[in-house]
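S.K.: Residue numbers (this note's numbering): 547 to 808. Take a look at the following structure, please.
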C-alpha cells in the first residue's frame with residue numbers, strides 16, 4: 547500500500563476516473579477477459595470505510611497483486627474533490643484511457659447482433675443505452691468518432707459498468723453499412739417514414755441495427771443504406787419520440803425474442 551500523494555487526478559487528466567465498485571468490478575472483469583486494454587493505475591480508498599467496506603478492500607488487495615495497481619488510503623474530502631458523483635462509496639479508480647479499434651471485418655462475428663449508435667445526445671442516456679444492449683446480448687457496438695466514451699467514468703456509472711464489458715469500435719458512419727453487408731448482415735434502421743412495424747420485420751441474425759438519438763435521429767444517408775426501416779408501434783396516438791435508451795431497449799429485446807429459438 548502507498549500513502550496518498552499530492553498528484554491527485556482530475557477529470558481533465560489523460561487518465562480516467564471510475565467511481566464505485568460496480569464500475570471497478572466491470573473494469574477488472576474486462577481486463578481479465580481481454581475485452582479492452584484499459585489498466586487500473588491506483589485505487590483511492592476512504593480510510594473511514596475500511597471496516598464497512600472490508601469485503602471490497604480484501605477483493606481489491608487481491609486484485610492489486612495480480613494486476614499491479616496501488617491502493618491509496620485517503621479521506622472523504624479528497625474523494626469528494628476528485629469525483630463528480632455521490633454514489634462512489636468512498637472507492638475510486640484512476641485508470642488509463644481505453645483504445646477503440648477501427649471497424650473492419652475482423653470485428654464482426656458470424657451470425658452476430660451489433661448496434662450502431664448515431665447521435666446520442668448526452669453521456670447518461672448513452673450509458674443507459676449500453677446497459678440495455680448488454681442485457682439484450684448484443685455482441686458489439688459501433689460508434690462514430692464523436693462519441694461519449696471520452697466521459698468514460700460517467701458512462702460507466704450510467705451503464706452499470708457494461709460500457710467496459712461491451713466490445714466497442716469506432717467508424718466513419720458512411721462506412722458502417724458496407725462493412726456489415728460484406729459480412730452477410732441484414733441492416734435495419736429505426737425510423738418512421740417508409741417503415742414497417744418491428745413486430746413484422748425480419749430481425750433474425752446476423753443483424754446490424756442502427757439507432758439514432760431522439761433529437762437528430764439517423765441521417766438520411768444512413769437510412770438510405772438500410773435494408774429496412776422499422777418503427778416502434780405505440781399503444782395510443784402519441785406524436786412524441788421515445789428516448790434513445792427506451793427505443794434501443796425495445797428494439798434489442800424484440801430482436802432477442804425473435805432469435806430465441808435459433
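Glycine included, C-beta positions come from ideal geometry on N, C-alpha and C. All figures in this text were calculated on a predicted structure; none of them were measured in a lab.
Can you find at least 3 beta carbon pairs, one from the region 761–769 and one from the region 725–740, that sit closer than 8 Å?
M.R.: The answer is yes - the region 725–740 touches the region 761–769, with three or more Cβ pairs under 8 Å.
S.K.: Applying the criterion that 16 or more other CB atoms from any shown protein chain within 10 Å of the CB defines a buried residue, is residue 549 buried or exposed?
M.R.: Here residue 549 corresponds to residue number 3 of the chain shown, with the count starting at 1. Note on residue 549: pLDDT 47, under 50, position unreliable in the model; the coordinate value appears next. When all chains shown are included, residue 549 counts as exposed.
S.K.: Would you give the residue range spanned by the alpha helix (DSSP H) that residue 700 belongs to?
M.R.: Translated into the one-based positions of the chain shown, residue 700 becomes position 154. Looking at the DSSP string, the run of the alpha helix (DSSP H) that includes residue 700 is 698–704.
S.K.: Check the C-beta distance from residue 699 over to residue 613 and give it rounded, since I have them as a contact under 8 Å.
M.R.: The count along the chain shown starts at 1 and reaches residue 699 at position 153. The count along the chain shown starts at 1 and reaches residue 613 at position 67. At roughly 18 Å, the Cβ-Cβ gap does not stay under 8 Å, so residue 699 and residue 613 are not in contact.
S.K.: Our contact map puts residue 635 next to residue 608 with C-beta atoms below 8 Å; I'd like the distance itself, whole angstroms only.
M.R.: Sequence index remark: in the chain shown, residue 635 carries index 89 (1-based). Sequence index remark: in the chain shown, residue 608 carries index 62 (1-based). With 8 Å as the limit, residue 635 and residue 608 do not qualify as a contact, their Cβ atoms being about 18 Å apart.
S.K.: Residue 770: buried (16+ other C-beta within 10 angstroms of its C-beta) or exposed?
M.R.: Here residue 770 corresponds to residue number 224 of the chain shown, with the count starting at 1. Exposed: under 16 other Cβ atoms inside 10 Å.
S.K.: On the CB-based measure, 16 or more other CB atoms within 10 Å of its CB, does residue 671 come out buried or exposed?
M.R.: Here residue 671 refers to the residue found at position 125 of the chain shown. Its Cβ being crowded by 16 or more others within 10 Å, residue 671 is buried.
S.K.: Helix or strand or just coil, what does DSSP make of residue 654?
M.R.: Reading the chain shown from its first residue, position 108 is the one you call residue 654. Of the three classes helix, strand and coil, the one that applies to residue 654 here is coil, per DSSP.
S.K.: Just list the residues that DSSP pairs residue 660 with in beta bridges.
M.R.: Taking the chain shown and counting its residues from 1, the one referred to as residue 660 is at position 114. Residue 660 is bridged to 686 and 754.
S.K.: Using 8 Å as the threshold, is the region 622–639 in touch with the region 714–724, meaning 3 or more CB pairs across them?
M.R.: No, the region 622–639 is not in contact with the region 714–724.
S.K.: Less than 9 Å between the C-beta atoms of residue 584 and residue 573, yes or no?
M.R.: Start at 1 with the first residue of the chain shown, and residue 584 comes out as number 38. Start at 1 with the first residue of the chain shown, and residue 573 comes out as number 27. Contact flag set, yes.
S.K.: What number of angstroms, rounded off, separates the C-alpha of residue 779 from the C-alpha of residue 793?
M.R.: Residue 779 sits at position 233 when you count from the first residue of the chain shown. Residue 793 sits at position 247 when you count from the first residue of the chain shown. Between residue 779 and residue 793, the C-alpha separation is close to 11 Å.
S.K.: Assuming contact is defined by CB atoms lying nearer than 9 Å, are residue 676 and residue 688 in contact in what I supplied?
M.R.: In the chain shown, counting from the first residue as 1, residue 676 sits at position 130. In the chain shown, counting from the first residue as 1, residue 688 sits at position 142. It is not a contact, given that the beta carbons lie outside the stated cut-off.
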